[in-house]
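Trainee: Before we start, here is the structure in question, set down as structure tokens.
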Amino acid sequence: MKATFKWLNSRLGFFFLLTILIWAKSMLAYFVDFNLGIESGFQYFILLVNPFATTILLLSIALYVRKPKTSYVIMFLIYLALSVLIYSNASYYREFTDFMTINTILNSGAVSSGLGESALRLLRVHDLLYVIDLVIIPILLFTKVIKVDKKPIRARVALAFSILGALIFSANLSLAEADRPQLLGRTFSRDYIVKYLGLNFFMAYDGYQTYQTNQVRAEASPNDLVEVEDYVKEHYAAPSDDMFGIAKGRNVIYIHLESFQQFLIDYKLTDENGTEHEVTPFLNSLFHDNQTFAFDNFFHQVNAGKTSDAETLMENSFFGLNQGVLFPTLGGSNTFEAAPNILNQVAGYSSAVFHGNAGTFWNRNETYKRLGFQNFFDASYYDVNAENSFQYGLHDKPFFQQSVQYLEHLQQPFYTKFIAVSNHYPYSQFENDEAGFPIATTEDETINGYFATANYLDAAVSEFFAYLKASGLYDNSVIVLYGDHYGISDGRTTELASLLGKNPDTWTNYDVAQLQRVPYMIHVPGQTNGGINHTYGGQVDALPTLLHLLGVDTTNYIQLGQDLFSPDHDQIVAYRKNNYFFTPNYTYYDNILYDNTTGQPATKEQEESQEITDIKEKVAKQLEISDRLVNGDLLRFYTDSGLEPINAEDFNYKDQLDQLEEIEETKGTFSTSLYSQNGNKSTSDLYQTKTYKEYHEESTESTSATSATTESSTTEK
Ligand code: GP9
Ligand code: MN
């Protein structure tokens with residue numbers, strides 16, 4: 068027995084023991100306490116090896132220390148720190164389904180409430196496995212069962228271990244980047260970083276990011292606001308009298324159309340037999356409805372933060388970051404004066420976001436609180452299973468359907484956002500009863516599937532509208548639909564050319580630039596003077612536009628966009644990447660200025676004209692002001708809005724149905740939720756959903772009106 072454990076009596080033996088134990092504890096946390104969403108054998112493999120690199124690297128520090136006792140003590144202390152990190156995260160995760168960050172540790176009571184008073188409630192039997200060794204190992208050392216090895220490790224050997232750790236780390240990092248490109252640049256979610264690179268790395272990375280943002284933040288002062296305020300005043304576009312307040316007091320329902328480009332509107336895909344298929348018949352009908360104020364020169368302005376950048380723009384009327392992504396880096400600490408907060412404080416709106424993916428994705432669970440969203444229904448509120456979901460969460464039809472059980476409990480008026488996701492890269496084909504819409508036949512799989520997933524999204528939105536009408540919510544709501552960003556990335560668009568009736572050989576970056584249009588439709592039931600508006604605008608303009616329709620004065624808010632209905636609206640659309648821009652006359656994209664009338668590069672005179680110099684200056688200014696505002700966290704100094712600062716701790720995204728029901732109860736007969744108005748009865752059964760197959764069978768058998776298809780119509784799959 069003794070001989071078997073003899074290796075433990077050497078320093079390297081002790082080092083290996085601790086390494087293996089940290090690995091084992093990491094596995095315990097990964098597989099028992101965390102929910103990391105492992106999607107492939109490859110990810111599984113990365114998960115198994117990721118604790119080694121940083122553990123070896125850190126423990127190797129103690130190998131350089133020659134004195135026996137000191138070396139053992141240092142090694143054990145490092146071990147202790149790593150163990151505490153694993154265990155505290157395991158415990159924190161049970162309460163918050165998230166990892167601890169430097170910010171949560173430093174600034175919030177959340178950690179103490181997670182690990183303090185309620186810690187007992189969070190204890191599990193298997194927790195013993197995380198801590199028992201912390202007692203046993205010292206005992207084994209004191210009782211000399213494990214003997215302290217007096218012989219120092221040669222510096223060269225110590226160095227070899229540090230290098231080994233570093234090598235494993237770089238291998239780990241390249242495997243991770245291969246599976247999830249731009250993992251670090253974009254910081255999609257903490258889950259991703261832990262899944263690919265482990266907890267230790269995550270902590271260090273988070274520390275580095277926090278340090279960087281705090282540096283910039285610390286240097287900023289209230290003085291920096293002056294320039295921002297000047298810009299906002301000068302750039303302000305007063306509302307048009309005809310439009311101001313036309314939707315006053317109505318509920319707001321945002322529908323986020325994932326990866327949806329303007330070219331899909333009215334597009335017909337021709338199948339192999341030459342038959343044309345309208346891709347998004349419902350959204351097309353909305354686009355042409357005279358109750359809809361639709362825009363056909365509206366551009367996305369996102370950068371690496373994609374969906375979350377679109378959200379940043381729409382909710383705040385400022386841009387995402389030039390480098391990195393705002394939600395994960397600043398969302399958990401910055402001060403915002405966003406739409407849900409403004410509407411709550413000036414017009415008594417309640418608010419909620421609905422999204423069928425993990426709440427941690429894009430750090431939404433932290434950021435939404437600071438934006439002022441009272442509720443956030445993430446994947447944990449939905450019945451998500453292998454059949455009705457994919458890698459980005461719940462599919463759109465069950466997503467909208469399952470959302471109404473929560474929506475009906477919100478006090479009205481409400482400000483809500485539904486983030487659809489099925490029309491997301493890689494636009495995989497459905498392999499169930501949702502399959503059937505034709506798949507395009509280009510060389511590019513991604514493009515081929517795009518139309519079918521867009522058609523699915525269209526059907527999902529149509530069902531949701533039918534519910535809104537059936538439940539009565541429709542009439543006192545304004546429904547805003549927008550595409551968040553391109554679905555077909557620039558590099559793939561040549562393949563798309565022929566589908567758009569263009570010649571791939573003469574396809575240029577001018578054509579690519581035109582594809583950055585996304586739909587923006589404001590549907591105001593009962594209004595009849597809508598129509599298609601050709602004004603050039605972008606996502607940064609959405610918030611002042613909406614607030615003015617709701618009759619909210621925006622003069623005192625720091626918003627960088629302009630009301631699209633304002634006669635003063637400047638038709639200059641800044642693109643976040645490289646200060647490109649779109650205007651009615653010019654397109655600046657991929658470092659080339661194009662003349663819109665010809666689609667050809669502009670002449671030298673045009674390029675050097677005063678008009679272009681002015682546009683470039685305005686674009687640069689808007690982006691620069693945005694960066695100053697967010698990087699310096701300047702809104703924390705701003706008081707002229709008259710808004711009370713938000714306390715993120717006031718919002719708790721757990722057990723939200725209970726919270727909403729409690730509000731209904733307290734308000735009694737004054738409760739304005741749909742549920743209360745409906746005599747405390749759910750409206751969920753008004754929701755009708757069918758699969759593509761069911762719709763299709765129905766339309767082909769349209770002569771037999773009472774066909775059996777309606778029977779099973781409310782079941783999804
Ligand atoms: C994820 C979804 C997609 O929850 O919103 O984000 P994206 O990849 O488009 O940025
Ligand atoms: Mn998106």
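Just so you know, the sequence shown maps onto residues 68 to 784 in the numbering used here. Glycine included, every Cβ here is placed at the ideal spot set by N, Cα and C. It should be emphasised that the depicted structure is a prediction, and the values quoted were computed from it without experimental measurement.
#1: What residue range is occupied by the uninterrupted beta strand (DSSP E) comprising S417?
#2: Go ahead and pull the three-state DSSP assignment for P668.
#3: Just checking, does the region 558–569 make contact with the region 352–362 on the three C-beta pairs under 8 angstroms criterion?
#4: Under a three-way DSSP split, which group does L75 fall into?
#5: Take the Cβ of F109 as the centre, count every other Cβ of all protein chains shown within 10 Å, and call the residue buried at 16 or more, exposed below.
#6: Cβ-heavy atom distance between H552 and the ligand MN below 8 angstroms?
#7: So, for Y517: in the same chain, excluding its five sequence neighbours on each side, which residues have a beta-carbon less than 6 angstroms away from its beta-carbon?
#8: Buried or exposed for T337, going by 16 or more other Cβ atoms inside 10 Å?
#9: With respect to the beta strand (DSSP E) encompassing S544, which residues constitute its N-terminal and C-terminal limits?
#10: Pick helix, strand or coil for M94, following the three-state DSSP scheme.
#11: To the nearest angstrom, how far is it from the Cα of S256 to the Cα of Y111?
#12: Would the region 498–517 and the region 476–488 be scored as touching if the rule is three or more Cβ pairs under 8 angstroms?
#13: Contact between the region 627–639 and the region 398–413: three or more CB pairs below 8 angstroms?
#14: Go through the region 482–563 residue by residue and report every complete run of the beta strand (DSSP E) that reaches 3 residues or more, in order.
#15: Any idea which residues DSSP pairs M588 with across the strands?
#16: For the ligand GP9, is there a heavy atom less than 8 angstroms away from the beta-carbon of K644?
#17: In chain order, what residues of the same chain lie with their CB nearer than 6 angstroms to the CB of A44, ignoring the 5 residues before and after it?
#18: So, helix, strand or coil for E343, using DSSP?
#19: In whole angstroms, what is the alpha-carbon distance linking T776 and Y754?
#20: L75 and D200 - do their beta-carbons sit closer together than 9 angstroms?
#21: I'd like to confirm the pairing. Which residues does DSSP put opposite D662 in its beta bridges?
#22: Looking at the ligand MN, does it come within less than 8 angstroms of S495, judged from the CB to the closest heavy atom?
#23: Kindly say whether L393, judged by its beta-carbon, lies nearer than 9 angstroms to any beta-carbon of chain B.
#24: Which of the three DSSP states, helix, strand or coil, is assigned to N442?
#25: Nearest-angstrom Cα distance between L548 and A446?
#26: Measure the C-alpha to C-alpha separation of I514 and L563 and round it to an integer number of angstroms.
#27: On the three-pair Cβ rule with 8 angstroms, is the region 277–291 touching the region 689–708?
#28: Report all residues from its chain with a CB closer than 6 angstroms to the CB of F101; omit the five preceding and five following residues, and keep chain order.
#29: Bridge partners of F366, per DSSP?
#30: For S456, count neighbouring Cβ atoms within 10 angstroms of its own Cβ and tell me buried if that reaches 16, exposed if not.
#31: Run the CB neighbour count on L84, radius 10 Å, all protein chains shown included, and call it buried at 16 or more, exposed below.
#32: Could you check which residue in G274, Y482, F481, E512 has the C-alpha nearest to that of Q496?
#33: For F366 versus F649, is the C-beta distance shorter than 9 angstroms?
#34: Since I believe F421 is in contact with T379 (beta carbons under 8 angstroms), could you give me their beta-carbon distance rounded to a whole number of angstroms?
#35: Within 8 angstroms, do at least three Cβ pairs link the region 309–317 to the region 736–752?
#36: To the nearest angstrom, report how far apart N719 and S77 are at their CA atoms.
Mentor: Concretely, from the data shown:
#1: Taking the first residue of the sequence shown as 1, we reach residue 417 at position 350. Residues 417–422.
#2: Position 601 of the sequence shown, counted from the start, is the residue given in the question as residue 668. Three-state DSSP puts P668 in a strand.
#3: no
#4: Residue mapping note: residue 75 aligns to position 8 of the sequence shown, counting from 1. Looking at L75 - three-state DSSP - the assignment turns out to be helix.
#5: For the purposes of this step, residue 109 is taken as the residue at position 42 of the sequence shown. Exposed, by the Cβ-count rule.
#6: Here residue 552 refers to the residue found at position 485 of the sequence shown. Correct: H552 has its Cβ closer than 8 angstroms to the ligand MN.
#7: On the sequence shown, residue 517 is found 450 positions in, with the first residue counted as 1. The residues are Y494, G554.
#8: Position 270 of the sequence shown holds residue 337. Exposed, because fewer than 16 other Cβ atoms sit within 10 Å of the Cβ of T337.
#9: In the sequence shown, residue 544 corresponds to position 477, counting from 1. Run containing S544: 544–550, per the beta strand (DSSP E) assignment.
#10: Your numbering for residue 94 matches position 27 in the sequence shown. The answer is helix: DSSP assigns M94 an H, G or I state.
#11: On the sequence shown, position 189 is the one that residue 256 refers to. On the sequence shown, position 44 is the one that residue 111 refers to. When rounded, the distance between both Cα atoms is 18 angstroms.
#12: no
#13: no
#14: 544–550
#15: Numbered from 1 along the sequence shown, position 521 holds the residue referred to as residue 588. DSSP output for M588 lists A361, L548 as bridge partner(s).
#16: Position 577 of the sequence shown holds residue 644. Every heavy atom of the ligand GP9 is 8 angstroms or more from the Cβ of K644, so no.
#17: Because residue 44 is not part of the residues shown, which for the chain are 68 to 784, the question remains open.
#18: The sequence position of residue 343 within the sequence shown is 276, counting from 1. Note: E343 maps to strand in three-state DSSP.
#19: Start at 1 with the first residue of the sequence shown, and residue 776 comes out as number 709. Start at 1 with the first residue of the sequence shown, and residue 754 comes out as number 687. Its pLDDT being 38, under 50, T776 is placed unreliably in this model, and the value from its coordinates should be taken loosely. C-alpha separation (whole angstroms): 16 angstroms.
#20: Here residue 200 is taken as the residue at index 133 of the sequence shown, counted from 1. Here residue 75 is taken as the residue at index 8 of the sequence shown, counted from 1. Cβ distance not < 9 angstroms, so D200 and L75 don't count as in contact.
#21: As a working mapping, residue 662 is identified with position 595 in the sequence shown. The partner list for D662 (beta bridge, DSSP) reads Y653, Q667.
#22: Here residue 495 corresponds to residue number 428 of the sequence shown, with the count starting at 1. Checking the Cβ of S495 against the ligand MN gives no.
#23: Any reference to chain B falls outside this structure, which holds one protein chain only.
#24: On the sequence shown, position 375 is the one that residue 442 refers to. Three-state result, N442: strand.
#25: Position 481 of the sequence shown, counted from the first residue, corresponds to residue 548. Position 379 of the sequence shown, counted from the first residue, corresponds to residue 446. Using only the alpha carbons, I get a separation of about 22 angstroms.
#26: For the purposes of this step, residue 514 is identified with residue 447 of the sequence shown, where counting begins at 1. For the purposes of this step, residue 563 is identified with residue 496 of the sequence shown, where counting begins at 1. The straight-line gap from Cα to Cα measures roughly 7 angstroms.
#27: yes
#28: Taking the sequence shown and counting its residues from 1, the one referred to as residue 101 is at position 34. The answer, listed in chain order, is Y160.
#29: Looking up residue 366 in the sequence shown gives position 299. Answer by DSSP bridge pairing, in chain order: R584, G605.
#30: Position 389 of the sequence shown, counting from 1, holds the residue named residue 456. Label assigned to S456: buried.
#31: As a position in the sequence shown, residue 84 is number 17, starting the count at 1. Burial call: buried.
#32: Position 429 of the sequence shown holds residue 496. Considering only alpha carbons, the answer is E512.
#33: Here residue 366 refers to the residue found at position 299 of the sequence shown. Here residue 649 refers to the residue found at position 582 of the sequence shown. In this structure, F649 lies closer than 9 angstroms to F366 by Cβ.
#34: Here residue 379 corresponds to residue number 312 of the sequence shown, with the count starting at 1. Here residue 421 corresponds to residue number 354 of the sequence shown, with the count starting at 1. With 8 angstroms as the limit, T379 and F421 do not qualify as a contact, their Cβ atoms being about 18 angstroms apart.
#35: no
#36: On the sequence shown, residue 719 is found 652 positions in, with the first residue counted as 1. On the sequence shown, residue 77 is found 10 positions in, with the first residue counted as 1. Their backbone Cα atoms lie some 51 angstroms apart in a straight line.
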